[in-house]
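Residue numbers (the numbering used here), protein chains in the order written: chain B, 5 to 341; chain X, 5 to 341. Ideal Cβ positions, reconstructed from N, Cα and C, are used throughout, including at glycine. Quick caveat, the model's predicted, so the values are computed rather than measured. Written below as structure tokens is the structure these notes are about.
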């Protein structure tokens, strides 16, 4: 198991975690013991390893690092669960075995999608894209939708859902390879934020009528450039702030956009998927239908073995992943992917 | 008439305008000629004398300065209007006489409120407070509502409407005299932003459960301190940015609050009263009823004579006014105030 060894000072490094051995314990009454098949690394984790207040309790030094996973039940002391059942849970932790309270897990039905997909396009990132775009962005046919981290776990789905809704989808990503993939997914145009000499102007060129929906997964310089290109009545979804990964301990200083918000009567909304629980089933069903009908593609970046957890997370923070980043354990051998 | 002589560089000064004499012209077919009784100065005017893009066309050098007023018809070539009728219009200009198209004016009924009130609590500022608080803020009984520029034309009304809605109203203003007046109006507590040694902490003390609705008329340091005290699900209304009066030509640099917006799932909305035209009549009726029943108080700061227009506007920008700032012309003599 990976425990938190220290809070990062700026950008996290591998030594912020420590790999420890521990005995596999037995489940208590009405509990289950499960072993990880796939473990997820996600940008929100950066917020949980900061002494600053976030939307959820942070990880304490010495605690097992939090994280979601898809797992297989190996021992059950709960009448509704049997060894061999597959589960998805947000509360697995960076470890191979976890004792869980079944009230906190989702049953994985492999007919809806392959097990790992329950961590990606029919899991938290996909459902995030669906709920944020539909419930906050409220897309209207013809809207221009700009999506940052467009090839990431959330961005990939958001762009395709924007196209399904009849919008123009504009990708912002860090490399031309990622942007090529976005084009394959159906994005109309892409902006490489690393090679752009003037990002505000590049975005203006890609969005000549302004941005109606800005699906922001990054904050930082991409946010700044997008905010200067809002259309009247724009909706800005603050879904993630991964570009602040190295700034959680210091204030984020830069240009502010209150005049742009006022002038465009824009609406900037913080988004957290847990607020939208009542839409999970609808979202998952729609996403699975789209995928099964070939209308939703998704790329996953696998690393192997529990020992790669910190490396996989840092790959994500440094924008070096290509698609949803997962860690696959040896127990996942032979599963459909 | 006051014409714009130059765009301000930072904080406006009197020499940005020039007083010119001109002949009183005759109205054309279906037009009216009116003479000003009260002229309004309002913070939004700062945005109209900048070369930067705003929500409306700016004033060009040499144009009559824009502004609203209450006026009396002196000559009519429109069948529905007669000399002696009272009007309120957003498009009067900083001048004593104006030729108007009656389609752009509101008929002033002195039974609803005294003529000058059509520029204050039953006019644009009062209707702004009503629409912004109710349509964007959506107050719920028990909410904490923090209002910046609390003793100003919009803030006075917003605080009293918050109390009517069963909320806790917290005033932020520049002097203790203004805060005393806010207490008289029913505000529960006040924070003096000029004398506060740590404004963020002072606001935290005044809002121990966080801010549910932040009615922001100022932007700047008050905005910054409030944003660090948001409650979960907070609504932030960007209604005015008067503290940026000296910064319209340069970017507004400072701490940004995307993490606070995300963590609290806050909603930050730009507000412009013109988007809420369909609520004007309801708002005016409710405000007049409250005032006639002694449940809405309002302070007006009068200056006299057309020659005081720039001085009145600058008084406002420097936060030296006490209540709604108006300029009264000699033609207003004898009117109920």
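Chain B partners of residue 257 of chain X, CB-CB under 8 Å? 257, 258, 259 and 260
Coarse secondary structure for residue 190 of chain B, derived from DSSP in three states: coil
Strictly under 8 Å for the Cβ-Cβ distance: is residue 208 of chain B near chain X by that measure? no
Taking the alpha-carbon positions, what's the residue 214 of chain B to residue 80 of chain B distance? 55 Å
Within the same chain, show all residues whose beta-carbon is closer than 6 Å to that of residue 89 of chain X, passing over the 5 residues directly before and after it, in chain order. 77
CA nearest to the CA of residue 108 of chain B, picked from B:117, B:95 and B:116: B:95
Between residue 218 of chain B and chain X, is the shortest Cβ-Cβ distance under 8 Å, so that the two count as touching? no
Can you tell me which of the three DSSP states residue 175 of chain B falls into? strand
Starting from residue 163 of chain B, follow the alpha helix (DSSP H) in both directions and report where the run begins and ends. 157-168
What is the C-beta distance between residue 295 of chain X and residue 268 of chain X, in whole angstroms, given that I count them as a contact (C-beta under 8 Å)? That belief does not hold up - the Cβ atoms of residue 295 of chain X and residue 268 of chain X are roughly 35 Å apart, past 8 Å.
Give me the Cα-Cα distance between residue 204 of chain X and residue 250 of chain X, rounded to the nearest whole angstrom. 23 Å
Could you please give the first and the last residue of the uninterrupted alpha helix (DSSP H) stretch that includes residue 85 of chain B? No alpha helix (DSSP H) holds residue 85 of chain B; DSSP gives it neither H nor E.
Quick one: Cα of residue 39 of chain X to Cα of residue 331 of chain X, how far? 13 Å
Within 10 angstroms of its Cβ, does residue 224 of chain B collect 16 or more other Cβ (buried), or is it exposed? buried
In this structure, does DSSP put residue 209 of chain X in helix, strand or coil? helix
Measuring CB atoms only, is the region 9-17 of chain X touching the region 319-331 of chain B, in the sense that at least three cross pairs come out at less than 8 Å? no
According to DSSP, simplified to helix, strand and coil, what is residue 100 of chain X? coil
Over what stretch of residues does the alpha helix (DSSP H) that includes residue 217 of chain X continue unbroken? Looking at the DSSP string, residue 217 of chain X is not in any alpha helix (DSSP H); the run it does join, the beta strand (DSSP E), is 215-220.
Would you say residue 50 of chain B reaches chain X, if we count a Cβ-Cβ gap shorter than 8 Å as a contact? no
Given a threshold of 16 other Cβ atoms within 10 Å of its Cβ, counted over all protein chains shown, does residue 340 of chain B qualify as buried or as exposed? exposed
So with CB distances below 8 Å, who are the chain B contacts of residue 271 of chain X? 271, 272, 273 and 274
Option nearest residue 75 of chain B by Cα separation, candidates B:48, B:120, B:62 and B:32: B:120
Taking its Cβ as the centre, do 16 or more other Cβ atoms sit within 10 Å of residue 255 of chain X, making it buried, or is it exposed? exposed
Spatially closest choice to residue 49 of chain B from B:197, B:306, B:31 and B:69, by CA coordinates: B:69
In or out: residue 221 of chain X buried (at least 16 other Cβ within 10 Å) or exposed? buried
Residues bridged to residue 306 of chain X by DSSP? X:330
Anything in chain X within Cβ reach of residue 279 of chain B, meaning under 7 Å, just list it in chain order. 269
For residue 185 of chain B and residue 152 of chain B, which I take to be in contact (beta-carbon distance under 8 Å), what is that distance rounded to the nearest angstrom? With 8 Å as the limit, residue 185 of chain B and residue 152 of chain B do not qualify as a contact, their Cβ atoms being about 15 Å apart.
Cβ-Cβ separation, residue 275 of chain X to residue 241 of chain X (assumed contact under 8 Å), whole Å: 5 Å
Starting from residue 227 of chain X, find everything on chain B with Cβ-Cβ shorter than 9 Å and list it in chain order. 260 and 262
Please report whether the beta-carbon of residue 133 of chain B lies at a distance below 8 Å from any beta-carbon of chain X. no
Have a look at X:168, X:66, X:20 and X:26 and flag the residue whose alpha-carbon is nearest the alpha-carbon of residue 191 of chain X. X:168
Who are the near neighbours of residue 26 of chain X in its chain, counting only those whose CB is closer than 7 Å to its CB and skipping five residues on each side? 5
Would you verify that the beta carbon of residue 265 of chain X is, or is not, closer than 8 Å to some beta carbon of chain B? yes
Quick check on this structure: which residue in X:60, X:102, X:134 and X:236 has the alpha carbon closest to the alpha carbon of residue 281 of chain X? X:134
Is residue 4 of chain B helix, strand or coil by DSSP? Residue 4 of chain B lies beyond the residue range present for chain B, which begins at 5 and ends at 341; the question has no answer from this structure.
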